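Peer 1:
2 protein chains.
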Amino acid sequence: MLSTMTTEQATGRDRSSRTRERLLDAAVEAFAASGFAGTTTRDIASRAGMSPAAVYVHHATKEDLLFEISRRGHHASLEVLQTAFDAEPDPLARIRAMVGAFSRWHAETSRVGRIVQYELNALTPEHRAEIAETRRTMERLVQRTLEDGIAAGTMRIPDVKGTALALLSLSIDLVRWYRPGGPITPDGLAELHGELAVRMVAA
Amino acid sequence: MLSTMTTEQATGRDRSSRTRERLLDAAVEAFAASGFAGTTTRDIASRAGMSPAAVYVHHATKEDLLFEISRRGHHASLEVLQTAFDAEPDPLARIRAMVGAFSRWHAETSRVGRIVQYELNALTPEHRAEIAETRRTMERLVQRTLEDGIAAGTMRIPDVKGTALALLSLSIDLVRWYRPGGPITPDGLAELHGELAVRMVAA
DNA sequence: GTCTATATGGGGATAGAC
DNA sequence: GTCTATCCCCATATAGAC
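Line order of the protein sequences matches chains A and C.
Numbering-wise (the numbering used here), the first sequence opens with residue 1 and increments by one.
Numbering-wise (the numbering used here), the second sequence opens with residue 1001 and increments by one.
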């Protein structure tokens, strides 16, 4: 299919695709700075260097922009967590890797992270339900690691579900205060939070 | 002054004061549910059982309502933290008490807590600056406790500022997911988070 | 696909009667 | 102090020319 595409079609599609991405980037900046409800489509359009009407050629509604950003962000952060899970077989090393990687992602992608974590209520019920699936998968990944650590005898945990939430809080809450370019780096946060996570659960 | 007030004046003032509080309560519900930008003054008024115009008799602007809620919430949560600080002289016991009490407050007062933690950007620069003072005081209280624990030899901490932020994250982030009436109770969170906090910092 | 212009609705805040 | 009515502005989204 792709190979039968004429040069003209390819160019037109690439240009359109790039514009779509440019609008998504502009929406990320705007939503992260002002929140979904506090952002106007005019703001998004002007950040992308376009007229307000041009937004609707590429995205049906403002909420569609949010959903696309949230969907991609959730999938990316789940992949980060899954990759760390797969990389370390030992439960203690695994929880250090998972929390470290999750914090690094939230710092490196803090604007998307803020939207992912704070704008679930702005989604339509259908979109929110779809996203909720991904979030449950992430929580289960952490809970399973804690249960494995207890079974192995290297972890001692008062409350698995509550502790899993607390571990995720370390990473998630940094989008509230983290500012890129400051003295605190994504790698520094990854190391610190990985260490604190191990201390929280170690036997 | 109070003693010279006539009964009529006292009644009038009490009634006005109660209406003022009723509007603040309505605004707490609305802001916590929809965010500051997503809340209309009509929504606040109808939750308080009044017309939109009545709001402005008691509060100059929508932002004034937010500021009053945020100011009171910050003062209350600082007092909670300070009380725990004062109650326990030993650094380890103190950090358990502080984090536990801070989590309990955020769970018991989760609607106000959500506004306190998430709506700083909606304040005017002047109001935000005033609030920031209180927030710095809270962070310093935690940092000082960690430094005391290190000096006493009962704590071992990779990064005092970063760990202080992480400890506060345990309590603060619960306003994102906590729902009153569920299986998780404020007391349960206080105990769990107090324990996890001690583990994070103990030598 | 982009623009200008606009339809349509709702927002914060105020005026003025009671 | 409360109401109804309204000012005035700005929001999302669309129409139609180019």
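For each residue, glycine too, the CB sits at the ideal point set by N, CA and C.
Keep in mind the model is a prediction, meaning the values are calculated, not measured.
Does the beta-carbon of H1193 (chain C) have 16 or more other beta-carbons within 10 angstroms, so that it is buried, or is it exposed?
Peer 2: With 16 or more Cβ atoms within 10 Å of its Cβ, H1193 (chain C) is classed as buried.
Peer 1: By Cβ distance, which residues of its chain are closer than 6 angstroms to T1007 (chain C), with the 5 residues on each side in sequence left out?
Peer 2: Reliability fails at T1007 (chain C), whose pLDDT of 49 lies under 50, so the model's placement of it is uncertain and the value that follows must be treated cautiously. Cβ within range, chain order: n/a, list empty.
Peer 1: Is there a Cβ from chain A that is less than 9 angstroms from the Cβ of D1159 (chain C)?
Peer 2: yes
Peer 1: Short of 8 angstroms in beta carbon distance, which residues of its chain neighbour A164 (chain A), apart from the five on each side in sequence? Order them along the chain.
Peer 2: E139, V142, Q143 and L146
Peer 1: Rounded C-beta distance between H1059 (chain C) and T1019 (chain C)? I'm assuming under 8 angstroms.
Peer 2: Going by Cβ atoms, the distance from H1059 (chain C) to T1019 (chain C) rounds to 10 angstroms, so no, they are not a contact pair.
Peer 1: List, in order along the chain, the chain C residues whose C-beta lies closer than 8 angstroms to that of A37 (chain A)?
Peer 2: S1034, G1035, A1037 and G1038
Peer 1: Is it true that the segment 1123-1132 of chain C meets the segment 1051-1071 of chain C, where meeting means three or more beta-carbon pairs spaced less than 8 angstroms apart?
Peer 2: yes
Peer 1: Would I1044 (chain C) pass as an interface residue toward chain A - the criterion being a Cβ-Cβ separation below 9 angstroms?
Peer 2: no
Peer 1: Step through the CB atoms of chain A and report whether any lies within less than 9 angstroms of the CB of L1174 (chain C).
Peer 2: yes
Peer 1: Determine the direct distance from the alpha carbon of I1044 (chain C) to that of E119 (chain A), and round the result to whole angstroms.
Peer 2: 21 angstroms
Peer 1: Give the interface partners of L170 (chain A) over in chain C, defined as CB-CB distance under 7 angstroms, in chain order.
Peer 2: A1166 and S1169
Peer 1: Quick one: measure Cβ to Cβ for S169 (chain A) and L1189 (chain C), integer angstroms, because I've assumed they're closer than 8 angstroms.
Peer 2: Rounded, the Cβ-Cβ distance is 11 angstroms, inconsistent with contact.
Peer 1: So, does the CB of E1108 (chain C) fall closer than 9 angstroms to a CB anywhere in chain A?
Peer 2: False, the Cβ-Cβ gap to chain A never drops below 9 angstroms.
Peer 1: Counting contacts by CB-CB distance shorter than 9 angstroms, is E1177 (chain C) in contact with chain A?
Peer 2: Rather than Glu, the amino acid found at residue 1177 (chain C) in this sequence is Trp. Under the Cβ criterion of 9 angstroms, W1177 (chain C) is counted among the residues facing chain A.
Peer 1: Residues of chain C with CB under 8 angstroms from Q117 (chain A), in chain order?
Peer 2: R1176
Peer 1: Name, please, each residue of chain C whose Cβ falls closer than 7 angstroms to the Cβ of R199 (chain A).
Peer 2: R1199 and M1200
Peer 1: Does the count of Cβ pairs from the segment 1178-1189 of chain C and the segment 169-184 of chain A closer than 8 angstroms reach three?
Peer 2: no
Peer 1: Give the C-beta separation of A235 (chain A) and A87 (chain A) to the nearest angstrom, bearing in mind that I take them to be a contact with Cβ-Cβ under 8 angstroms.
Peer 2: Because chain A spans 1 through 203 in this model, residue 235 (chain A) falls outside it and cannot be assessed.
Peer 1: If you measure between the beta carbons of P186 (chain A) and R104 (chain A), is that distance less than 9 angstroms?
Peer 2: The Cβ atoms of P186 (chain A) and R104 (chain A) lie closer than 9 angstroms to each other.
Peer 1: Given A1197 (chain C), which residues of its chain have a CB within under 7 angstroms of its CB, disregarding the five upstream and five downstream residues?
Peer 2: So the qualifying residues of the chain are I1095, R1096, V1099, L1167 and L1170.
Peer 1: What residue range is occupied by the uninterrupted alpha helix (DSSP H) comprising T137 (chain A)?
Peer 2: P125 to A152
Peer 1: Verify the CB distance criterion: does H1058 (chain C) have a CB-CB separation below 9 angstroms to chain A?
Peer 2: no
Peer 1: If I follow the unbroken alpha helix (DSSP H) through A51 (chain A), where does it start and stop?
Peer 2: According to the sequence shown, residue 51 (chain A) is Ser rather than Ala. Secondary structure note for S51 (chain A): it is in no alpha helix (DSSP H), with a DSSP letter that is neither H nor E.
Peer 1: Would I172 (chain A) pass as a contact of D1173 (chain C) if the rule is Cβ separation under 9 angstroms?
Peer 2: yes
Peer 1: Going by other Cβ atoms of all chains shown within 10 Å of its Cβ, with 16 needed for buried, is G1035 (chain C) buried or exposed?
Peer 2: It counts as buried.
Peer 1: Quick check: what's the CA-CA separation for V201 (chain A) versus T134 (chain A)?
Peer 2: Across the structure, V201 (chain A) and T134 (chain A) are spaced so that their CA atoms are roughly 24 angstroms apart.
Peer 1: Taking the alpha-carbon positions, what's the A26 (chain A) to E108 (chain A) distance?
Peer 2: 17 angstroms
Peer 1: How would you label R136 (chain A), buried or exposed, when you count the other beta carbons within 10 angstroms and need 16 or more for buried?
Peer 2: exposed
Peer 1: Does DSSP classify A27 (chain A) as helix, strand or coil?
Peer 2: helix
Peer 1: Return the residues of the segment 1184-1196 of chain C that lie within a Cβ-Cβ distance of less than 9 angstroms from chain A, sorted by chain order.
Peer 2: I1184, G1188, L1189, E1191, L1192, H1193, E1195 and L1196
Peer 1: Hey, quick one: how far does the alpha helix (DSSP H) through G38 (chain A) stretch, first residue to last?
Peer 2: It is not in any alpha helix (DSSP H) - G38 (chain A) carries neither H nor E in the DSSP assignment.
Peer 1: Is it right to say A1101 (chain C) is buried, meaning 16 or more other beta carbons lie within 10 angstroms of its own, or is it exposed?
Peer 2: buried
Peer 1: Can you tell me which residues form a DSSP beta bridge with A202 (chain A)?
Peer 2: In the DSSP output, where bridge partners are listed per residue, A202 (chain A) has A:M155.
Peer 1: Nearest chain A C-beta to G1073 (chain C) closer than 9 angstroms, yes or no?
Peer 2: no
Peer 1: Exposed or buried, which one is S70 (chain A) when buried takes at least 16 other CB atoms within 10 Å?
Peer 2: buried
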